[in-house]
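Note that the sequence shown covers residues 8 to 482 in the numbering used here.
Structure first, then comments.
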Amino acid sequence: MKRLRVLIVAAEAMPFVKTGGLADVVGALPRALARAGVEAAVMMPKHSRIKELHQSELETVAASGVRLGWREKYLGVQTMEWNGVRYYFIDNEEYFGGSVYKGGKAEDEQYLFFCEAVLAAVPLIPFKPDIIHCNDWHTGMIPMLLKIRDGLSVTRRSVFTIHNIKFQGMMGFEMIQDFLSVPKRYDTPEFLEAHGCANMMKAALVFADKITTVSPTYAKEIMHAYFGMGMEGILSARRNDVTGIVNGIDTETFNPETDPALARRYGPATMRGKTENKKALRETFGLDIRLYDPVICMVNRLTAQKGLDLVQYVLEELLREEVAFVLLGDGDQKYVDFFRYIAAGYPKKTGIFIGYDEEVAHRIYAGSDFLLMPSQFEPCGLSQMIAQRYGTLPIVRETGGLADTVAPYNRYTKTGDGFSFGAFNAHDMLHVIRLALSVYRDKPMLRQLKKNAMLKNNDFFQSAQQYKTLYESIV
8 MKRLRVLIVA
18 AEAMPFVKTG
28 GLADVVGALP
38 RALARAGVEA
48 AVMMPKHSRI
58 KELHQSELET
68 VAASGVRLGW
78 REKYLGVQTM
88 EWNGVRYYFI
98 DNEEYFGGSV
108 YKGGKAEDEQ
118 YLFFCEAVLA
128 AVPLIPFKPD
138 IIHCNDWHTG
148 MIPMLLKIRD
158 GLSVTRRSVF
168 TIHNIKFQGM
178 MGFEMIQDFL
188 SVPKRYDTPE
198 FLEAHGCANM
208 MKAALVFADK
218 ITTVSPTYAK
228 EIMHAYFGMG
238 MEGILSARRN
248 DVTGIVNGID
258 TETFNPETDP
268 ALARRYGPAT
278 MRGKTENKKA
288 LRETFGLDIR
298 LYDPVICMVN
308 RLTAQKGLDL
318 VQYVLEELLR
328 EEVAFVLLGD
338 GDQKYVDFFR
348 YIAAGYPKKT
358 GIFIGYDEEV
368 AHRIYAGSDF
378 LLMPSQFEPC
388 GLSQMIAQRY
398 GTLPIVRETG
408 GLADTVAPYN
418 RYTKTGDGFS
428 FGAFNAHDML
438 HVIRLALSVY
448 RDKPMLRQLK
458 KNAMLKNNDF
468 FQSAQQYKTL
478 YESIV
């Protein structure tokens, strides 16, 4: 029997380019699909970082042009294999020689080109997909163009995954008409229009054969106005085509027993190594704390979505206790300024790293006791699953994928692999943090919860099997 072939299309993917969790998912999913019996390849832009690091490894598949409205633009397609997965890169210096996301109209044009370029590139590559699996708004026009364009020599079947419904690719319809030659009749709420303008995500939600999002709870949440960001109507209308498939993590990359970034490797049966990583973390950030004082970490983008308003409200109160706080992240300036203020005011109890470094992230996961993730909304989240893998107990708000992946500590049954709270309220969060700190002092219970977390199966293979079933339903 012929293996199902799926082309995964996205703006970024590990290990090549990462600005957020989308890259981790696109990096891990194709390998997991291969284990599930699906042949998967990835197509993404050839961003400048790829040129800098991998140019000598790339093989040119095609060099031609593509129509973008009345314009003729260069289209190069290059390829390489990494970790058993075939990657195809859309090459165009004008659009992808600078920032991954240019912002504003430049970014709109950047990813309108990408959508058009993907359709032009697929016939030029040896990989002939049965399904094109699109991810987030950057690829949103592809499902629509597959359905409304005549003469395309590619599959018409598509799946669209919502990683974060907040970002939708909104622009004037005249821009989509100009660059993609979409007929005027599609500028209606039935097709493209939402929020008073054209919306690339809306196009995908209308025309994709199946819609997925990255956790079952988030799939239910976005049917309602608070979480749906204006897309709740079309999602409710298509509820029979919407599936929530919780993300997994790459358990080879995130493995404390083999991780080269760690001061000492460890596993569920050798937890002493976690203490060595805590020592190393203390030295890295100059923390003047006792080894048995708990360390709470955050590894997140610094945005309101991540619940940082709650953290701002109570962090100084928390730091008056025997606890240290370590953060890795970058984002909105008001949060950057706040954490710099915290670093200056509490230099011996806090370690603040503004920016992102993958190795430092691994060391923080390994050296901390708790991960704080009080998100306002969270489609899935990966940090909590990575933390569990490293024996660092998540403290999360019960929303989206956080509700699906963290089993809260139950003081009566003495079970769980993390801690959670429901209301988006700073002192509810602080109350649960203090509960976690009280459990921290119960060493046998703490060891059991850490072992539960480390043994939890967050491997992407489970997700891949669900994707395979979904793919098979439309071919």
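For every residue, glycine included, the Cβ atom is placed at its ideal position computed from N, Cα and C.
When the Cα atoms are used, what is the spatial distance from residue i to residue j?
i	j	result
ILE349	PRO275	34 Å
HIS202	PHE180	12 Å
GLN319	GLU19	31 Å
TRP77	LEU29	32 Å
TRP144	ILE296	45 Å
THR260	ASN142	22 Å
VAL482	PHE198	24 Å
ALA287	MET236	43 Å
ASP411	VAL253	8 Å
PRO267	ARG74	46 Å
PRO401	VAL333	14 Å
GLN117	ILE183	12 Å
LYS458	PRO301	17 Å
TYR108	ASN464	34 Å
GLN391	GLU283	22 Å
THR291	LEU14	42 Å
LEU187	ALA124	11 Å
VAL161	GLU100	25 Å
TYR397	MET278	10 Å
Just verifying my parser: in three-state terms, what is the DSSP assignment at residue i?
i	result
LYS80	strand
ARG327	coil
ALA48	strand
PRO130	helix
VAL189	coil
ALA414	coil
ASN99	coil
ILE229	coil
VAL107	coil
LYS173	coil
GLY352	helix
ARG12	strand
THR67	strand
ALA43	coil
With residue i and residue j assumed to form a contact (beta carbons below 8 Å), what rounded beta-carbon distance in angstroms separates them?
i	j	result
ILE169	THR220	4 Å
LEU477	VAL166	7 Å
THR224	GLY407	5 Å
TYR95	MET50	4 Å
ALA205	ASP194	7 Å
ALA460	ASP424	4 Å
PHE426	LEU409	No, PHE426 and LEU409 are not in contact; Cβ-Cβ is about 11 Å, not under 8 Å.
Under the rule that 16 or more other beta-carbon atoms within 10 Å means buried, what is residue i, buried or exposed?
i	result
ASP364	exposed
THR86	buried
ARG289	buried
HIS231	exposed
ASP157	exposed
TYR416	buried
LEU294	buried
TYR419	exposed
LEU242	buried
PRO133	exposed
SER480	exposed
Across which residues does DSSP place residue i in a beta bridge pair?
i	result
GLU88	ARG93
ALA205	MET178 and GLU200
ASN142	THR168
SER427	VAL403
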